[in-house]
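A.B. asks: When the letters of the sequence shown are read in order and numbered with mature numbering (1 follows the signal peptide of the UniProt record, and there is no 0), they come out as residues -28 to -1, 1 to 428. Backbone N, C-alpha and C fix where the C-beta goes; we use that ideal spot for every residue, glycine too. Please read all numbers here as calculations on a predicted model, not as lab measurements.
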Amino acid sequence: MKFDLPSLTLSTVAAALLLALSSSMVRANPVEKALEVTGAKVNQPVSSAKQPFSNEFVSEARDNLNNFHWQMGGDHSLYYNLRMSEFLPTAIASPNDEYQALSRDINPKLGELRQMTSLGELTLDEYMVHPQFRTQGLILIHKGKVVYESYPGMKSTDRHIWASSAKTTVGLIVAMLAEENKVDHSKSITHYVPQLKKTVWDDVTVLDALNHTTGLDNEETLESILDPDSAVVRFFGAGFGSPREATGEVESWLDVAKDQNKINGESAGKRFRYASLNTTVLTLMIENIEGKPWVDVFEERVWSKMMARQPALFNLTPDGTALPVGLMSSTLEDMARFGLLFTPSWETSAVEPVVSNEMLNRIYNSGNQASYKGSSKYESAPSMFNDQAKYQSYQFDFVFSDGAIAKSGNLGQMLYIDPVKDFVGVVFSTNPYHSGFGEFKAAAYMRAASQMLSTP
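1. Is the separation between the beta-carbon of K159 and that of V178 shorter than 8 Å?
2. If contacts are defined as beta-carbon pairs under 8 Å, then G339 and Q364 qualify, I think. What distance do you get, rounded to the angstrom?
3. DSSP has P215 in a bridge; who is on the other side?
4. For R273, which residues in the same chain have their Cβ closer than 7 Å to its Cβ, ignoring the five residues on either side in sequence?
5. With a threshold of 8 Å on Cβ separation, who are the neighbours of L299 within its own chain once the five nearest residues in sequence on each side are excluded?
6. For G83 versus Y52, is the C-beta spacing smaller than 8 Å?
7. Could you tell me whether the stretch 63 to 72 touches the stretch 371 to 385, using the rule of 3 or more Cβ pairs below 8 Å?
8. Run through the stretch 75 to 112 for me and flag every whole beta strand (DSSP E) of 3 or more residues, listed as ranges in chain order.
9. As an exercise, report each continuous alpha helix (DSSP H) stretch of at least 4 residues that is fully enclosed by the stretch 256 to 321, in chain order.
10. Can you give the Cα-Cα distance for M126 and T402, rounded to whole angstroms?
11. Is it true that the CB of I161 sits closer than 8 Å to the CB of V253?
12. Exposed or buried, which one is D77 when buried takes at least 16 other CB atoms within 10 Å?
13. So does the stretch 225 to 240 actually touch the stretch 324 to 332, counting three or more Cβ pairs closer than 8 Å?
14. Excluding the five sequence neighbours on either side, which residues of its own chain have a C-beta within less than 7 Å of the C-beta of D390, listed in chain order?
15. Evaluate the contact criterion for the stretch 304 to 321 versus the stretch 391 to 399: three or more CB pairs, one atom per stretch, below 8 Å.
16. Measuring only the C-alpha atoms, how far is E28 from V18?
17. With a cut-off of 8 Å on the beta carbons, I'd call Q87 and A420 a contact; round off their distance for me.
18. Using only alpha-carbon positions, find the residue among E305, L37, L85 and V297 that is nearest to K413.
19. Can you tell me where the beta strand (DSSP E) holding T62 begins and where it ends?
20. DSSP on A420, reduced to helix/strand/coil?
21. Which word fits A218, buried or exposed, when buried means at least 16 other C-beta atoms lie within 10 angstroms of its C-beta?
22. Within the continuous alpha helix (DSSP H) that includes Y344, where are the two ends?
23. Whose C-beta lies closer than 6 Å to the C-beta of A280 among residues of the same chain, with five residues either side of it excluded?
24. In three-state terms, what does DSSP make of G408?
25. Does the Cβ of S(-7) have 16 or more other Cβ atoms within 10 Å, making it buried, or fewer, making it exposed?
26. Just how far apart, CA to CA, sit A203 and P80?
27. Apply the 10 Å Cβ neighbour rule to E192 and answer buried if 16 or more other Cβ atoms are within range, or exposed otherwise.
28. Near E324, what residues of its chain come up, given a Cβ to Cβ distance below 7 Å and the 5 sequence neighbours on each side ignored?
29. For A(-1), count neighbouring C-beta atoms within 10 Å of its own C-beta (all shown protein chains included) and say buried if the count is 16 or more, exposed if not.
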C-alpha cells in the first residue's frame, strides 16, 4: 500500500482534476498516470458494490491503493469507500444502547421532482439510477420521518466514507465548547494548541481556522494538489506516514503544520481558502481542551446520545490522531441521524438534545460573507444547489439565507440540513471527476425537496 501523494484530497479536487485533464498540464501531472492503473477507471456499475467482490478484485485493490487511485473514483474506489477500516487504523464511537429505527412516510411525489442536468431534465428517481452520476444511496427526511430513500449502489447496512462532510462533526464540538466557555473563538488558536506557538498560527484565531480564513498558503487548489512538495501534499502524506518528496524523510502532520507560510499581503480573516489542515488543528485543540482523544469526546458528546444503528468509525494517522477531517464512516441513515440533531425533530434521533438553539445561532452568526464571495465554494454553489449560498461558518461551507446549512465531500458526498423546514438530506456516491463524470445534482434535488415539502 503506497501513500506517496496526498491520500485525502477533498471536494476541491473536482475542479482540479477536471482542469488537469482538459489542459496541457495533463502531460506533467500524476492524474494521467493514475488513470492507467487497473481499477482507476469506471467499468463496473455502482450496483456491483451491493454484492461481494471477488478475491482477485480485492487483491488488486489492496495492491494498488494510493492517493490518486482512491480519488480517481473508479472501480476500486467503490471498495475503499465502503471498507476503509480494512486499510487504516480505526477508532470507534459507539451509539446509545437504545436503537430506534426512523419512521417511514414515503412520498412518491419526491421521486418525480425534476432538475436540469447535462443530460437534460431528469426526475430524482431517474437521477438515482443513472450510471452517469454513480450515486450509491440517498435519504430525505422531513419532520423526523424518512420521506424518500434509495440504495442503488450499497446496502442500507453498509458503512461509507463521509469525506469532508465529516468536518461538520468538528465544527459542532467546537460550538459546544464555545457555549461552555471552554473556548473563545476570538483568541489565537495557539492559545489552545501550544504545540504551534511561535509559528504563523499565532496570528490565526479559532474562528479563522473554523471558517478557513487563516491567511496561510495551504489552500487546496489545482496547483497545490499536483505539487508533490506543497503544504497540502506534505500534510496528507505525513498523515499516512509517507516520506516527503523533497527529502525522503517521514514527517509528522504537526511538523508540517509548524512549517506553514503566510500569504504575502493577506491577513487572517480576509479570504476563505479551504484547507483540511485547519480542521486537524481544531481536532488537536479539542483533544487538548478535553484531555482525551477525539473519538472519546465525540462519542461522549454526540454519538452516545444517538439511537444510531451502528458505531461511527474514524480512521487514524500513524501517531493516533483521528481524522474527522474526512475519514469518518457510518451508515447513510446514521449520517442522516446526525443531521437530525440540528432540527426540531431531534427526538427521533437522540435520547437527549445535542445541538442547542444557542449552538445553531452561533453557526448562523459566525460566517464571513466578505471572505466567502468569489471563493471556490461560492462559485460552486449555484451548480450544486441551483441557488447561491451566502457564507461559510463553523466548517459548513454553504449557509443559505433561508437557514439551510450544508457540507459537501469528495466523490459526491453531501450533508444538507434545514432546521427551519425540519429537513435533512444525505447522499453517498463514488462519482469521479474525469472521463465525463463529476456532475453532482443531488444537492439540488435536496433543496427542491425541502422547499416542496414546506409549501402548504
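C.D. replies: From the atom records:
1. Stepping through the sequence shown from its first residue, residue 159 is reached at position 187. Stepping through the sequence shown from its first residue, residue 178 is reached at position 206. Result yes, Cβ atoms of K159 and V178 sit closer than 8 Å.
2. Here residue 339 refers to the residue found at position 367 when the sequence shown is read from its first residue. Here residue 364 refers to the residue found at position 392 when the sequence shown is read from its first residue. About 6 Å separates the two Cβ atoms, so the contact holds.
3. Residue numbering aside, residue 215 sits at position 243 when the sequence shown is read from its first letter. Bridge partners of P215: V222.
4. Looking up residue 273 in the sequence shown gives position 301. These residues qualify, in order along the chain: I145 and M148.
5. Taking the first residue of the sequence shown as 1, we reach residue 299 at position 327. If we look at L299 and ignore the five residues flanking it on each side, its Cβ neighbours are L(-21), M56, L60, I133, A138, F286 and N287.
6. Sequence index remark: in the sequence shown, residue 83 carries index 111 (1-based). Sequence index remark: in the sequence shown, residue 52 carries index 80 (1-based). No, they are not a contact pair.
7. no
8. 86 to 89 and 92 to 95
9. 266 to 273 and 304 to 312
10. If you number the sequence shown from 1, residue 126 lands on position 154. If you number the sequence shown from 1, residue 402 lands on position 430. Each residue's Cα considered, the two are about 11 Å apart.
11. Indexing the sequence shown from 1 puts residue 253 at position 281. Indexing the sequence shown from 1 puts residue 161 at position 189. It is a contact, given that the beta carbons lie within the stated cut-off.
12. Along the sequence shown, read from residue 1 onward, the residue named residue 77 stands at position 105. By the 10 Å Cβ count, D77 comes out exposed.
13. no
14. Your numbering for residue 390 matches position 418 in the sequence shown. Here the set comprises G375, A376 and S422.
15. yes
16. Residue 28 sits at position 56 when you count from the first residue of the sequence shown. Residue 18 sits at position 46 when you count from the first residue of the sequence shown. Looking at the two C-alpha atoms, the distance is approximately 18 Å.
17. Your numbering for residue 87 matches position 115 in the sequence shown. Your numbering for residue 420 matches position 448 in the sequence shown. At roughly 7 Å, the Cβ-Cβ gap stays under 8 Å, so Q87 and A420 are in contact.
18. Residue numbering aside, residue 413 sits at position 441 when the sequence shown is read from its first letter. Comparing Cα positions, the closest option is L85.
19. Walking along the sequence shown from the start, residue 62 turns up at place 90. That run of the beta strand (DSSP E) goes T62 to A65.
20. In the sequence shown, counting from the first residue as 1, residue 420 sits at position 448. Note: A420 maps to helix in three-state DSSP.
21. To locate residue 218, count along the sequence shown from 1; it is residue 246. Per the 10 Å Cβ criterion, exposed.
22. Taking the sequence shown and counting its residues from 1, one reaches residue 344 at position 372. That run of the alpha helix (DSSP H) goes Q341 to Y344.
23. Sequence index remark: in the sequence shown, residue 280 carries index 308 (1-based). Correct list, in chain order: P67, D306 and R309.
24. Residue 408 sits at position 436 when you count from the first residue of the sequence shown. G408 falls in the coil class under three-state DSSP.
25. In the sequence shown, counting from the first residue as 1, residue -7 sits at position 22. Its pLDDT being 37, under 50, S(-7) is placed unreliably by the model, and the measurement read from it follows with that caveat. Result: exposed.
26. In the sequence shown, the residue the question calls residue 203 occupies position 231. In the sequence shown, the residue the question calls residue 80 occupies position 108. Approximately 48 Å between the Cα atoms of the pair.
27. Stepping through the sequence shown from its first residue, residue 192 is reached at position 220. It is buried - the Cβ of E192 has at least 16 other Cβ atoms within 10 Å.
28. By one-based count along the sequence shown, residue 324 stands at place 352. So the list reads K277, once near-sequence residues are dropped.
29. The sequence position of residue -1 within the sequence shown is 28, counting from 1. Residue confidence is low: A(-1) scores 49 on pLDDT, short of 50, so the model does not pin down where it sits. No coordinate-derived value is stated.
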